[in-house]
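Heads up: the sequence lines are chains A and B, in that order. Taking my numbering, the leading residue of the first sequence gets 30, the next gets one more, and so forth. Taking my numbering, the leading residue of the second sequence gets 1264, the next gets one more, and so forth. Here is the structure we will look at.
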Amino acid sequence: DAGVIQSPRHEVTEMGQEVTLRCKPISGHNSLFWYRQTMMRGLELLIYFNNNVPIDDSGMPEDRFSAKMPNASFSTLKIQPSEPRDSAVYFCASRAGLAGYNEQFFGPGTRLTVL
Amino acid sequence: GNSVTQMEGPVTLSEEAFLTINCTYTATGYPSLFWYVQYPGEGLQLLLKATKADDKGSNKGFEATYRKETTSFHLEKGSVQVSDSAVYFCALSEDSGYALNFGKGTSLLVTP
């Protein structure tokens, strides 16, 4: 299995531009998570999907952030408009099943820099 | 609410030294506990886990025991290697929950 795939791996953009991050979860996994990692705040859960349905988006910072999961094999996280404070590493993770004790598998992350 | 507190790093050790990274948690129910490791430039990967009190998780020479009485899940390794240099995250998840609550991570640097 290829694991969780994220693209792009690095993104540099200017303030005000739209940014779209992409994630392909492991086949057969029905839970998908988006996290953001910064030095100041550590790892933060942004949003969680189960069977393609958003379950909890309380971690999404503000309306500039949106996430979709149109099917079981693809999810996007969009920032519009982007701001310098959005600079971070964004991770996607997937998990088989609903149980909290099941392992989450993380992608390699997308390093976003907003100038 | 649920939370995880880890000792702050960075931790610097010589090769073959003994490692302990402290982790304590607060939870309303009976969580599962995890240690994830992040090597430079990579995503997190599961190192070990324990799903109930007194369980011991182990992997690659690392161990951690789920201590309900002290709400702790300390990570230990008897003899660290340079290749163990990474950031270690303690995390919890409620059995009926859905997400991981992470600690802030502890950076470990092992020198030859």
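Built from N, CA and C at the ideal position, the CB exists for glycine as well. The structure displayed is predicted, hence computed values, not measured ones.
(request) Going by DSSP, name the residue or residues bridged to V1267(B). (result) Y1288(B)
(request) Establish whether the CB of E40(A) and some CB of chain B are separated by less than 8 Å. (result) no
(request) Take the Cβ of N1364(B) as the centre, count every other Cβ of all protein chains shown within 10 Å, and call the residue buried at 16 or more, exposed below. (result) buried
(request) Could you name the residues of chain B that P137(A) contacts, counting a contact when the two beta carbons are closer than 7 Å? (result) E1305 and G1306
(message) Between the alpha carbons of S1283(B) and H1337(B), how many angstroms are there, rounded?
(response) Note on identity: in this sequence residue 1283(B) is Thr, with Ser being the wrong assignment. Rounded to the nearest angstrom, the two C-alpha atoms are 7 Å apart.
(message) Can you tell me which residues form a DSSP beta bridge with L1296(B)?
(response) A1313(B) and L1355(B)
(request) Please say whether S1266(B) and T1289(B) have beta carbons closer to each other than 8 Å? (result) For T1289(B) and S1266(B), yes; Cβs fall inside 8 Å.
(message) Whole angstroms are fine: how far does the CA of D86(A) sit from the CA of Y77(A)?
(response) 7 Å
(message) Below 9 Å on C-beta distance, what does Y119(A) contact in chain B?
(response) Near Y119(A) there are no residues of chain B at all, since even the closest Cβ is about 11 Å away, more than 9 Å.
(request) Output the distance between the C-alpha atoms of R93(A) and T49(A), rounded to the nearest integer angstrom. (result) 12 Å
(request) Give a yes or no on whether 8 Å exceeds the smallest Cβ distance from E112(A) to chain B. (result) no
(request) Determine the burial state of T1293(B): buried for a count of at least 16 other Cβ atoms within 10 Å of its Cβ, exposed for fewer. (result) What sits at residue 1293(B) in the sequence shown is Tyr, not Thr. The residue is exposed, with fewer than 16 neighbouring Cβ atoms inside 10 Å.
(message) Within a Cβ cutoff of 6 Å, which residues of the same chain sit near N95(A), ignoring the five residues on either side of it in sequence?
(response) According to the sequence shown, residue 95(A) is Ser rather than Asn. So the qualifying residues of the chain are K107.
(request) Could you list which residues in chain A have their beta carbon closer than 7 Å to that of F1365(B), in chain order? (result) Identification of chain A residues near F1365(B) by a Cβ-Cβ cut-off of 7 Å yields G71 and L72, ordered along the chain.
(request) Assign D1317(B) to one of two classes, buried (16 or more other C-beta atoms within 10 Å of its C-beta) or exposed (fewer than that). (result) exposed
(message) On the CB-based measure, 16 or more other CB atoms within 10 Å of its CB, does S36(A) come out buried or exposed?
(response) exposed
(request) Would you mind stating whether F1325(B) and L1310(B) have Cβ atoms separated by less than 8 Å? (result) yes
(message) So, does the region 120 to 138 of chain A touch the region 52 to 63 of chain A, judging by three or more C-beta pairs under 8 Å?
(response) yes
(message) With a threshold of 8 Å between beta-carbons, can V1370(B) be considered close to chain A, or not?
(response) The question names Val, but residue 1370(B) in the sequence shown is Ser. Not one chain A Cβ lies under 8 Å of S1370(B).
(request) Can you give me, in chain order, the residues of the region 56 to 71 of chain A that have a beta carbon less than 8 Å from any beta carbon in chain B? (result) S60, F62 and G71
(request) Determine, using beta carbons only, whether N59(A) and A125(A) come nearer to each other than 8 Å. (result) yes
(request) Could you have a look at D85(A) and say whether DSSP puts it in helix, strand or coil? (result) strand
(request) Can you pull the chain A residues whose beta carbon is under 7 Å from the beta carbon of L1309(B), in chain order? (result) E132
(message) Determine, for G126(A), whether the minimum Cβ-Cβ distance to residues of chain B falls below 8 Å.
(response) no
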